[in-house]
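S.K.: Each residue of the sequence shown is one higher than the last, beginning at 989 in this note's numbering.
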Amino acid sequence: MSAHRPEKVRAWRATIDAWKRSGQTVNAFCRARQLTRSNFDRWRRILATRPGESASTPPPAFVPVRVVAEPMAEVVLRSGVVVRVPLGAAADAVTRLVTAVGAASC
């Protein structure tokens, strides 16, 4: 990919972020801002492949988490693989799981 001027990248990133917030279709947004659809789509593709933050990326949000401790059992296979399962798991399901993991780890 060719290098693009940072100020142009910032401007297009801001434009595309504005479109995302607008709720408009791409055609309506481009028409209102007198942009060509082809140029808009080109920059949307360019920016989708470039690493970096969006011009208006909100800060990360914290969400409440409730941790519920569930009693677990560990099955240590001969290969050293450890399988942890809830104590309430069905025995036949645990048997199938340990068999499958054991076969895959050999």
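For glycine and all other residues, C-beta sits at the position ideal for the given N, C-alpha and C.
For V1056, report the span of its beta strand (DSSP E) as first-last.
M.R.: Careful: V1056 lies outside any beta strand (DSSP E) and carries neither H nor E.
S.K.: Can you name the start and end residues of the alpha helix (DSSP H) that R1019 belongs to?
M.R.: Residues V1014 to R1021.
S.K.: Taking buried to mean at least 16 other C-beta atoms within 10 Å of its own C-beta, is T1003 buried or exposed?
M.R.: T1003 comes out buried.
S.K.: Which one or two residues does DSSP pair with R1072 in a beta bridge?
M.R.: R1072 is bridged to E1062.
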